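S.K.: There's a structure below that I have some questions on.
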Amino acid sequence: MIYTVERRCEFGGGSMESHYEARSYERRTPTGVLVGGKLLKKCKTKQQARDYFARKGVEYEE
């Protein structure tokens, strides 16, 4: 399993909002593409996503 912290931006109604996601992926293809992704937690700040993985005791990629 590969775990990541990713920033996402949502556009709508003339505004933009950003948040961070703690995600897991099944594997990485030979070309480097992550496949089988699942959203574990949606967070307002990057630190909250990091803390989520710290509580679970999981190492992650940024």
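Just add 1 to wherever you are in the sequence shown, counting from 1, and you've got our numbering. We treat Cβ as the ideally placed atom computed from N, Cα and C, and that holds for glycine. None of these values were measured; they are calculated from a predicted model.
1) Since tyrosine 26 is in the beta strand (DSSP E), which residue starts that stretch and which ends it?
2) Would the stretch 42 to 50 count as touching the stretch 26 to 33 if we require 3 or more Cβ pairs under 8 Å?
3) Kindly indicate which residue of Ala23, Val36, Leu35, Glu63 has the alpha-carbon position closest to the one of lysine 57.
4) For a quick check, are the C-beta atoms of valine 6 and alanine 55 less than 7 Å apart?
5) Which ranges would you report for the beta strand (DSSP E) in the stretch 36 to 60 if only whole runs of at least 3 residues count?
M.R.: On the basis of the data shown:
1) Position 25 of the sequence shown, counting from 1, holds the residue named residue 26. Taken as a continuous stretch (DSSP letters only), the beta strand (DSSP E) holding tyrosine 26 covers 16 to 26.
2) Not touching, per the Cβ criterion.
3) Sequence index remark: in the sequence shown, residue 57 carries index 56 (1-based). Comparing Cα-Cα distances from lysine 57 to each of Ala23, Val36, Leu35, Glu63, the minimum goes to Ala23.
4) Here residue 6 refers to the residue found at position 5 of the sequence shown. Here residue 55 refers to the residue found at position 54 of the sequence shown. In this structure, alanine 55 does not lie closer than 7 Å to valine 6 by Cβ.
5) 39 to 44
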